[in-house]
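Structure record follows, encoded as structure tokens.
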Amino acid sequence: MKMALCCKLHKVRFSKILNLSLDFRRFFLSESYRCSDAWTRRLQAPLLQKFDFNELASRMYEKHEQQGITSVVDMQILTAKMDQLTMSNIELMEKIMFQYRHSKTYNPVDDSIVEAVVRAYINLDSAERLLPLIKDKFNYGLIPDSYTASLLMDYFIKKGSISEAAHIAYEMMLQEDFSNNVTYLLSLYACCKRLESLSDLTEEETDGTEEE
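Just so you know, we're using the working numbering here: the sequence shown kicks off at 4 and counts up by one.
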């Protein structure tokens, strides 16, 4: 009963946000926010054209297995080539991300790597796979910045995956950085919609108990 009352109170408090129509979701972030054209042009650099994603990934995996080392430069190039990521090589990529985090030489997982990974998973319509990796910071070190967090929440909200969007909002809460208004509003919306779904579920359970 206490849970149901708490959810109802929060639902009333944020009713203006919760009552946004489904049609409104498509206006959260425009396609231009993703800067897809600029990102694609970045991948046309002559240096990147010399590498094949699968060949580089296999070589990096074997090198780490033998020497315990993953090069920062190799990782930067590999993630820049993640436009070639497919469901057949995604598990190998996740193993390499784990190896990179545990390389004998300390490797920073900078924002450019995280952005490349996030974009690739979204394009593959498999961003849900990122959630356990983002949560496991020790083994993967994938910490979204405001921009990549906004991309993920926008993707999940438009897909109707509110629980996943709220998970990203929670990750941003842990960073205690509320300076980006876009990320802040998306986080607030995701959390409120998640609260609404929990409220509805609690009300159904309460009604069912009363009927019994």
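Note that beta-carbon positions come from the ideal geometry of N, C-alpha and C, so glycine has one too.
Fair warning: this is a prediction, and the values are worked out from it, not measured in the lab.
Neighbour-count burial assignment, Tyr-36, 16 or more Cβ in a 10 Å radius
Within the sequence shown, residue 36 is the residue found at index 33, counting from 1. So Tyr-36 counts as exposed.
Give the DSSP-derived three-state secondary structure of Leu-198 in the structure shown.
In the sequence shown, residue 198 corresponds to position 195, counting from 1. Of the three classes helix, strand and coil, the one that applies to Leu-198 here is helix, per DSSP.
Determine the burial state of Ala-169: buried for a count of at least 16 other Cβ atoms within 10 Å of its Cβ, exposed for fewer.
Residue numbering aside, residue 169 sits at position 166 when the sequence shown is read from its first letter. A buried status is given to Ala-169, since no fewer than 16 other beta-carbon atoms sit within 10 Å of its beta-carbon.
At a cut of 8 Å, does the stretch 128-136 reach the stretch 34-50 through at least three beta carbon pairs?
By the Cβ rule, the stretch 128-136 does not count as touching the stretch 34-50, because fewer than three pairs are nearer than 8 Å.
Have a look at Met-175 and Ser-200 and give me their C-alpha separation to the nearest angstrom.
As a first step, residue 175 must be located in the sequence shown, where it is residue number 172. As a first step, residue 200 must be located in the sequence shown, where it is residue number 197. So the two alpha carbons sit approximately 21 Å from each other.
As assigned by DSSP and simplified to three states, the class of His-67:
Start at 1 with the first residue of the sequence shown, and residue 67 comes out as number 64. Three-state DSSP puts His-67 in a helix.
Can you tell me the Cα-Cα spacing of Phe-101 and Ser-182, whole angstroms?
For the purposes of this step, residue 101 is taken as the residue at position 98 of the sequence shown. For the purposes of this step, residue 182 is taken as the residue at position 179 of the sequence shown. Rounded to whole angstroms, Phe-101 to Ser-182 spans 30 Å at the Cα level.
Tell me whether the beta-carbon of Tyr-158 lies closer than 8 Å to the beta-carbon of Ile-116.
As a first step, residue 158 must be located in the sequence shown, where it is residue number 155. As a first step, residue 116 must be located in the sequence shown, where it is residue number 113. No.
Does the separation of the CB atoms of Gly-71 and Ser-33 fall below 8 Å?
Looking up residue 71 in the sequence shown gives position 68. Looking up residue 33 in the sequence shown gives position 30. Not a contact, by the Cβ cut-off of 8 Å.
Out of curiosity, what's the CA-to-CA distance linking Lys-196 and Leu-136?
Residue mapping note: residue 196 aligns to position 193 of the sequence shown, counting from 1. Residue mapping note: residue 136 aligns to position 133 of the sequence shown, counting from 1. C-alpha separation (whole angstroms): 24 Å.
What residue does the alpha helix (DSSP H) around Tyr-143 start on, and which one ends it?
In the sequence shown, the residue the question calls residue 143 occupies position 140. Boundaries of the alpha helix (DSSP H) around Tyr-143: 140-143.
When DSSP labels each residue in this structure, what does Ala-60 get in the three-state scheme?
Translated into the one-based positions of the sequence shown, residue 60 becomes position 57. When DSSP states are grouped into helix, strand and coil, Ala-60 belongs to the helix group.
Cβ atoms of Leu-51 and Ile-80: under 8 Å apart, would you say?
Within the sequence shown, the letter at position 77 stands for residue 80. Within the sequence shown, the letter at position 48 stands for residue 51. Result yes, Cβ atoms of Ile-80 and Leu-51 sit closer than 8 Å.
Between Tyr-109, Val-120, Thr-108, which has its C-alpha nearest Ile-146's C-alpha?
Numbered from its first residue, the sequence shown carries residue 146 at position 143. Closest by alpha carbon: Val-120.
Between the CA atoms of Cys-194 and Tyr-64 - distance to the nearest angstrom:
If you number the sequence shown from 1, residue 64 lands on position 61. If you number the sequence shown from 1, residue 194 lands on position 191. Using only the alpha carbons, I get a separation of about 38 Å.
CB-CB under 8 Å to Ile-160, same chain, minus the five flanking residues each way: which ones, in chain order?
Indexing the sequence shown from 1 puts residue 160 at position 157. Excluding positions up to five away in sequence, the list reads Arg-28, Phe-31, Ala-168, Leu-189, Tyr-192, Ala-193, Lys-196.
Could you give the uninterrupted runs of the alpha helix (DSSP H) lying entirely in the stretch 114-165, keeping only those of 4 residues or more?
Taken in chain order, the whole alpha helix (DSSP H) runs of length 4 or more contained in the stretch 114-165 are 114-126, 133-138, 140-143, 149-162.
Proximal residues to Asp-148 (C-beta, below 6 Å), its chain only, five neighbours per side dropped:
As a working note, residue 148 is residue 145 in the sequence shown. Hits under 6 Å: Asp-114.
Give the straight-line distance between the Cα atoms of Leu-155 and Val-112, rounded to the nearest whole angstrom.
As a first step, residue 155 is located in the sequence shown; it is residue number 152 there, counting from the start. As a first step, residue 112 is located in the sequence shown; it is residue number 109 there, counting from the start. Near 18 Å, if we compare the C-alpha coordinates of Val-112 and Leu-155.
Residues in its own chain within less than 7 Å of Ile-20 by CB, not counting five upstream and five downstream?
The sequence position of residue 20 within the sequence shown is 17, counting from 1. With a pLDDT of 48 at Ile-20, under the threshold of 50, the predicted position of this residue should be treated as unreliable, and no value is reported.
Counting only the same chain and skipping the five closest in sequence on each side, list residues whose C-beta sits under 6 Å from that of Met-85.
Mapped onto the sequence shown, residue 85 falls at position 82. Taken in chain order, the residues that qualify are Ala-119, Ala-123.
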